Amino acid sequence: MPRTGLCSRWGGRVLPLLLAYICYLLLGATIFQLLEKQAESQSRDRFQFEKLRFLENYTCLDQQAVEQFVQVIMEAWVKGVNPKGNSTNPSNWDFGSSFFFAGTVVTTIGYGNLAPSTEAGQVFCVFYALVGIPLNVVFLNHLGTGLRAHLTMLERWEDQPRRSQLLQTLGLAFFLALGTLLILILPPMIFSHVEGWSFSEGFYFAFITLSTIGFGDYVVGTDPSKHYLSVYRSLAAIWILLGLAWLALVLPLGPLLLHRCSQLWLLGRGLGLKEGGAPETNGLPRPQKIPISA
Numbered sequence: 073m074p075r076t077g078l079c080s081r082w083g084g085r086v087l088p089l090l091l092a093y094i095c096y097l098l099l100g101a102t103i104f105q106l107l108e109k110q111a112e113s114q115s116r117d118r119f120q121f122e123k124l125r126f127l128e129n130y131t132c133l134d135q136q137a138v139e140q141f142v143q144v145i146m147e148a149w150v151k152g153v154n155p156k157g158n159s160t161n162p163s164n165w166d167f168g169s170s171f172f173f174a175g176t177v178v179t180t181i182g183y184g185n186l187a188p189s190t191e192a193g194q195v196f197c198v199f200y201a202l203v204g205i206p207l208n209v210v211f212l213n214h215l216g217t218g219l220r221a222h223l224t225m226l227e228r229w230e231d232q233p234r235r236s237q238l239l240q241t242l243g244l245a246f247f248l249a250l251g252t253l254l255i256l257i258l259p260p261m262i263f264s265h266v267e268g269w270s271f272s273e274g275f276y277f278a279f280i281t282l283s284t285i286g287f288g289d290y291v292v293g294t295d296p297s298k299h300y301l302s303v304y305r306s307l308a309a310i311w312i313l314l315g316l317a318w319l320a321l322v323l324p325l326g327p328l329l330l331h332r333c334s335q336l337w338l339l340g341r342g343l344g345l346k347e348g349g350a351p352e353t354n355g356l357p358r359p360q361k362i363p364i365s366a
């Protein structure tokens, strides 16, 4: 029956994809376990050793008092209070930090190092996210739609002389390289300088942020020993929004650039011609290639 055939075809496509998906998760779990479990064990052992040494040095304290103190530290950390430093640490809820937090909500990054602790703040966060997340998706989709509309105007690229094709491809490559420099290279360098991170840590933070994974192990503007500009976290939030918008532009532009480069390479080697001499792309005839004149 046609219905049975449709279900069979659907199952034939979905089941291999599901199997590959599960295998990918299992592979990731295995590798992460091999890479991280030993470091976690060493960190746990070090913590227990330091706690015992602390009790030995301060005999006036007992195990219960230390555990209570550790619990207070953990609760403070969960509420966004860094236990390092003193009470003069900058607030996590000044306007710049609040703006940064609002950006992490609507972009679904959610670092996890800061969250509303009051009942009113939690309720507002729910309704704010219900409106803000779709608004963010609509904004990024409109950027993609505008780009696709612009790309439809460039579909006559294959009808142009090879010199124009080459210039347009180089312009597109330059645009992507410049955007990558401004979004993925310079900001990590700035974050590394301000936060005292290595460049690899800054780049890791930038990727984890713009991919909206948001582990929260690296977050800008949280070191109590540093004095940040009041607009530092606000600028970081603006960078996040611009970075996500940039990714919305890169997703369609990247494959387009690769496709054009491959076409130019084939034409340059004379491999884009059929037996009859007419080049084709995707089964459609194309005009004869025009050599670049001096």
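Residue numbers (this note's numbering): 73 to 366. Beta carbons are placed, not taken as given, at the ideal position from N, Cα and C, and that holds for glycine. The structure presented is a predicted model; accordingly, all values stated were derived computationally and were not measured.
| request: Taking only the alpha-carbon atoms, compute the straight-line gap between W269 and V86 and give it to the nearest angstrom. | output: Here residue 269 is taken as the residue at index 197 of the sequence shown, counted from 1. Here residue 86 is taken as the residue at index 14 of the sequence shown, counted from 1. Roughly 43 Å separates the two Cα atoms.
| request: Determine contact between the stretch 186-206 and the stretch 161-178, defined as no fewer than three beta-carbon pairs at a distance below 8 Å. | output: yes
| On the three-pair Cβ rule with 8 Å, is the stretch 264-282 touching the stretch 307-316? | yes
| query | Beta carbon of V291, beta carbon of Y183: below 8 Å? | reply | On the sequence shown, position 219 is the one that residue 291 refers to. On the sequence shown, position 111 is the one that residue 183 refers to. For V291 and Y183, yes; Cβs fall inside 8 Å.
| task | From the DSSP output, in three-state form, read off N185 for me. | result | If you number the sequence shown from 1, residue 185 lands on position 113. DSSP places N185 in coil when its eight states are reduced to three.
| query | Taking buried to mean at least 16 other C-beta atoms within 10 Å of its own C-beta, is S113 buried or exposed? | reply | Along the sequence shown, one-based indexing puts residue 113 at 41. It counts as exposed.
| Alpha carbon to alpha carbon, what distance is there between V322 and G315? | Taking the first residue of the sequence shown as 1, we reach residue 315 at position 243. Taking the first residue of the sequence shown as 1, we reach residue 322 at position 250. Rounded to whole angstroms, G315 to V322 spans 10 Å at the Cα level.
| C95 in three-state terms, based on DSSP | One-based indexing of the sequence shown puts residue 95 at position 23. Reduced to three states, the DSSP call for C95 is helix.
| field | Per-residue burial, F173 [other beta carbons within 10 Å of its own, 16 or more giving buried] | value | Stepping through the sequence shown from its first residue, residue 173 is reached at position 101. Buried, by the Cβ-count rule.
| field | Residue range of the unbroken alpha helix (DSSP H) whose run includes P259 | value | For the purposes of this step, residue 259 is identified with residue 187 of the sequence shown, where counting begins at 1. Counting along the chain, the alpha helix (DSSP H) containing P259 begins and ends at L258 to E267.
| field | Delimiting residues of the alpha helix (DSSP H) encompassing G286 | value | On the sequence shown, residue 286 is found 214 positions in, with the first residue counted as 1. From DSSP, G286 is part of no alpha helix (DSSP H); its letter is neither H nor E.
| field | Simplified DSSP state of V210, which is helix, strand or coil | value | Taking the first residue of the sequence shown as position 1, residue 210 is located at position 138. Here V210 sits in helix by DSSP.
| query | Are there 16 or more other CB atoms within 10 angstroms of the CB of L274, so buried, or fewer, so exposed? | reply | One-based indexing of the sequence shown puts residue 274 at position 202. Residue identity check: residue 274 is Gly in the sequence provided, not Leu. G274 is buried by the Cβ-count criterion.
| message | Taking only three categories from DSSP, how would you classify V198? | response | Numbered from its first residue, the sequence shown carries residue 198 at position 126. Three-state result, V198: helix.
| Nearest to R332 by alpha carbon, out of V138, K109, Q143 and S236? | Within the sequence shown, residue 332 is the residue found at index 260, counting from 1. Selected option, being the one with the closest Cα: S236.
| query | Taking all protein chains shown into account, do 16 or more other C-beta atoms lie within 10 angstroms of the C-beta of G293, making it buried, or fewer, making it exposed? | reply | In the sequence shown, the residue the question calls residue 293 occupies position 221. By the neighbour-count rule (16 or more Cβ atoms within 10 Å), G293 is buried.
| message | So, at 6 Å on beta carbons, what are the nonlocal neighbours of A201 in its own chain, with the 5 sequence-adjacent residues on each side left out? | response | Here residue 201 refers to the residue found at position 129 of the sequence shown. Here the set comprises V177.
| said: Under DSSP, the alpha helix (DSSP H) around S302 begins and ends at which residues? | reply: Within the sequence shown, the letter at position 230 stands for residue 302. That residue, S302, is in no alpha helix (DSSP H); it is neither H nor E in DSSP.
| request: Would you give the residue range spanned by the alpha helix (DSSP H) that S170 belongs to? | output: Counted from its first residue, the sequence shown places residue 170 at position 98. F167 to V178 is the extent of the alpha helix (DSSP H) around S170.
| said: Going by C-alpha to C-alpha distance, which of A249, L239, Y276 and H299 sits closest to V266? | reply: Residue 266 sits at position 194 when you count from the first residue of the sequence shown. With distances taken between Cα atoms, V266 lies closest to H299.
| query | Distance, Cα to Cα, L239 vs L250? | reply | By one-based count along the sequence shown, residue 239 stands at place 167. By one-based count along the sequence shown, residue 250 stands at place 178. If I take the Cα positions, the gap works out to 16 Å.
| Beta-carbon proximity check, I255 vs W165, cutoff 8 Å | Reading the sequence shown from its first residue, position 183 is the one you call residue 255. Reading the sequence shown from its first residue, position 93 is the one you call residue 165. Cβ atoms of I255 and W165: not closer than 8 Å.
| Nonlocal neighbours in the same chain, by C-beta distance under 7 Å from A245, ignoring five residues either side | Taking the sequence shown and counting its residues from 1, one reaches residue 245 at position 173. For A245, where only same-chain residues beyond five positions count, the Cβ hits under 7 Å are L329.
| In three-state terms, what does DSSP make of Y130? | What you label residue 130 is simply residue 58 of the sequence shown in a count that begins at 1. Three-state DSSP puts Y130 in coil, outside helix and strand.
| message | Does G340 pass the burial test, meaning 16 or more other C-beta atoms within 10 Å, or should it be called exposed? | response | Stepping through the sequence shown from its first residue, residue 340 is reached at position 268. Exposed, since its Cβ has fewer than 16 Cβ neighbours within 10 Å.
| K123 and V138 closer than 8 Å at C-beta | Residue 123 sits at position 51 when you count from the first residue of the sequence shown. Residue 138 sits at position 66 when you count from the first residue of the sequence shown. Contact: yes.
| field | Backbone CA spacing between F287 and Y276 [nearest angstrom] | value | Working through the sequence shown from its first residue, we reach residue 287 at position 215. Working through the sequence shown from its first residue, we reach residue 276 at position 204. The alpha-carbon atoms of F287 and Y276 are separated by roughly 11 Å.
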